[in-house]
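Residue numbers (the UniProt record's numbering), protein chains in the order written: chain A, 1 to 399; chain B, 1 to 399.
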């Protein structure tokens, strides 16, 4: 079989393979049974589909021939209005009343609009691997801002030392992926002040925002946010529609004009059927979203308690979809533990190494991300027995 | 109002604004009436929605909760199989039987996977502006390969002189956007031989393939295509679903492994509801597609004849969606003519300047793209009277 004989980008060849399929492969060795099914806690996926009323509306919107056609580059105007109203409801009345656009792939487009190869982006670690991969692929220099146990919060003071002439942005994700840490409002404010003082962008990814109580921060309501803020949001999790690929970004008009050039080439327009329905769902599904929020909050508590019953396993941080779990095996890399979790006891997770630059000390590589949103509580209750089984098996496993 | 105070990518700032919204603005001066409505022949859009059976299936697929969830990074396996069968039907049995993936934004991802800033991509002119914009945004050097009237076909001989150590790819679009030129099979073969001899990629964009008779080329059936070919396809036009944003690329396994890393970051997975339905539509809608093909072929003939009745206006090339039309006004840039077409006689088109580097001689800037797929034949029949009106008005217009 003939293979490609043309040259490929060195950057892209050097960049890591997608981690989710890799983790799924580890489970190939596991033989699931009815009593012991495979439990997939790797990719963050909504545990339940959207309510029937939304599925019906999605079907109606899709049957309408107008949604088969191209739409506005920036997203349908009525959806953008609905998002604007929602921003006001969630964060308080914004100081300026403008600047909204919808898109998926917002992080990629944002990075392209902000920075050129050699420019630096500050990313707290553990990071979301698609952020790290994107920077690598675009030739942008990733400057890690290490966050440590027990709370995994980034330090603005540490961040100051990392800022150089080539720094273009600081990226924050709250609730965090992978740690689940929910950044305090005051912490987000301090990063905002820092970004504004140094004329760099603060990129705030709030994909999991709707699963947290109260306004996540006061930037929209109380600061000149267009000067420094680029706000990323996804409709995948709040509306349980990751298969529709719809997200959004909120930023200054200056920035949106530039990012629009990129989005014109990357996507022409966002996929349309879901746009029409999300416009409705933002208001109509707010009780449903609150229900999911309470369910996830309760599940975080349940999971923490469940792990208290297992020797050596402990939830370090947790929030929204994720629990960041400390494993009991000193001197063993998290990837090894994740592999055995999948292969021997049928739980697919993502090891901390997937979210981190190489660790200085093996002790730091002790965390594993469990996406506890993926399954119902009954399934989650199967986890402790599996972890105990791994503890028992451990001395017999090849290392 | 506060504007962004952070820095933006110089590349992106220097790149052109999206052309379609710009052209739409020219029509703001036009006052449409029931007798003289605005005729939008700018963006290439399907003139009619897909058939009701497909709309119904889209609705059913969308109502099914499984399509709200993430799918495979490379596209759903069953769709990929259906595409593989279709490739065999359209092009003849391929020498190798593998290597398919679906994605939208395939050009952007392909360019990122192939090349780094400073690398060169050979692009025949007139080019598709989203290709040119993508290269600009990614810092890739665009090497124009000029194609000339009357047939606007690229010359492999001219191309040889443009190849350097940094050349990574030659991009061909057939049927062409904007000229509508349908590249002869032998011409495509010659470029394939050239790409293979020089170890560079041949990127072949066949978005409009289904509107042309017979196999578009013999590369899949008769050559070691994985060695040099990257084949891009969109489901937007063949299935009249641009609003669903679904496309695909076919290439060697080597290449797909790299491009998957990018697609994981840019889109995670392609939007799902349409995937399930396209799988069905590839086979079930083949008569419908043939009907659209015949309709477009007939419309190309009708439009050519219609323009024969108008002084000075002439179809230079035409195929699939587009007619590339020579305007009668010597020494006047195409953009000026397009502006007046929109503002004074209510026809939105895209001027040749949007598809070209700056012209050496003003005489070359004489072409305008009419997307004649957009409207029904009755609407198309309104065009000659409008062009005649512009001819009459012309001496009175400010220049």
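Just so you know, even glycine gets a beta-carbon here, dropped at the ideal spot from N, CA and C.
Residue of the options minimising C-alpha distance to residue i
i, options, result
"residue 112/A", "379/A, 74/A and 141/A", "141/A"
"residue 385/B", "308/B, 81/B, 204/B and 46/B", "308/B"
"residue 23/A", "313/A, 136/A, 59/A and 334/A", "334/A"
"residue 363/B", "346/B, 327/B and 109/B", "327/B"
"residue 359/A", "35/A, 154/A, 331/A and 287/A", "331/A"
"residue 392/A", "152/A, 345/A, 379/A and 361/A", "345/A"
"residue 255/B", "248/B, 361/B and 230/B", "230/B"
"residue 131/B", "291/B, 76/B, 88/B and 203/B", "203/B"
"residue 361/B", "148/B, 121/B and 40/B", "148/B"
"residue 277/B", "68/A, 121/A and 20/A", "68/A"
"residue 249/B", "208/B, 223/B and 74/B", "74/B"
"residue 233/B", "90/B, 10/B, 8/B and 381/B", "90/B"
"residue 11/B", "61/A, 116/A, 314/A and 27/A", "116/A"
"residue 54/A", "87/A, 279/A, 43/A and 154/A", "279/A"
"residue 178/A", "158/A, 217/A and 124/A", "124/A"
"residue 226/B", "380/B, 94/B, 81/B and 399/B", "94/B"
"residue 336/A", "251/A, 87/A and 397/A", "397/A"
"residue 315/B", "251/B, 268/B, 372/B and 259/B", "372/B"
"residue 110/A", "258/A, 269/A, 310/A and 311/A", "258/A"
"residue 367/A", "150/A, 88/A and 52/A", "150/A"
"residue 376/B", "3/B, 341/B, 40/B and 395/B", "40/B"
"residue 347/A", "317/A, 390/A, 321/A and 156/A", "390/A"
"residue 88/B", "121/B, 42/B and 221/B", "221/B"
"residue 236/A", "321/A, 60/A and 3/A", "321/A"
Cβ distance (whole Å) where residue i is taken to contact residue j below 8 Å
i, j, result
"residue 228/B", "residue 30/A", "In fact, because the Cβ distance is near 41 Å, the residues do not count as touching under 8 Å."
"residue 198/B", "residue 114/B", "The pair is not a contact, with the Cβ atoms about 14 Å apart (cut-off 8 Å)."
"residue 71/B", "residue 271/A", "13 Å between Cβ atoms; not a contact."
"residue 383/B", "residue 306/B", "6 Å"
"residue 191/A", "residue 293/A", "About 24 Å separates the two Cβ atoms, so there is no contact after all."
Residue j beta carbon less than 8 Å from that of residue i
i, j, result
"residue 32/B", "residue 38/B", "yes"
"residue 349/B", "residue 329/B", "no"
"residue 219/B", "residue 200/B", "no"
"residue 241/A", "residue 194/A", "no"
"residue 118/A", "residue 63/A", "no"
"residue 143/A", "residue 162/A", "yes"
"residue 357/A", "residue 338/A", "no"
"residue 273/B", "residue 273/A", "yes"
"residue 107/B", "residue 78/B", "no"
"residue 152/B", "residue 354/B", "no"
"residue 181/A", "residue 319/A", "yes"
"residue 323/A", "residue 261/B", "no"
"residue 139/A", "residue 215/A", "no"
"residue 343/A", "residue 127/A", "no"
"residue 266/B", "residue 20/A", "no"
"residue 313/B", "residue 325/B", "yes"
"residue 238/B", "residue 185/B", "no"
"residue 154/A", "residue 208/A", "no"
"residue 252/B", "residue 136/B", "no"
"residue 304/B", "residue 380/B", "no"
"residue 246/B", "residue 275/B", "yes"
Per-residue DSSP class, three states only, for residue i
i, result
"residue 144/A", "strand"
"residue 3/A", "coil"
"residue 102/B", "Below a pLDDT of 50, predicted positions are generally treated as unreliable, and residue 102/B, at 49, falls in that range; the measurement from the model is reported next regardless. Of the three classes helix, strand and coil, the one that applies to residue 102/B here is strand, per DSSP."
"residue 11/A", "helix"
"residue 208/A", "coil"
"residue 358/A", "coil"
"residue 234/A", "strand"
"residue 312/A", "coil"
"residue 465/A", "Because chain A is modelled from 1 through 399, residue 465/A falls outside the range shown and cannot be assessed."
"residue 248/B", "strand"
"residue 202/A", "strand"
"residue 397/B", "coil"
Alpha helix (DSSP H) runs wholly inside the stretch 113 to 183 of chain B, at least 4 long, in chain order: For the stretch 113 to 183 of chain B, the full-length alpha helix (DSSP H) segments reaching 4 residues or more read 129 to 137 and 156 to 162 along the chain.
Inside the stretch 309 to 395 of chain A only - alpha helix (DSSP H) runs reaching at least 4 residues: For the stretch 309 to 395 of chain A, the full-length alpha helix (DSSP H) segments reaching 4 residues or more read 334 to 345, 377 to 380 and 383 to 393 along the chain.
Within the stretch 36 to 87 of chain B, ranges of the alpha helix (DSSP H) (whole runs, at least 4 residues): Whole alpha helix (DSSP H) segments, 4+ residues: 52 to 63.
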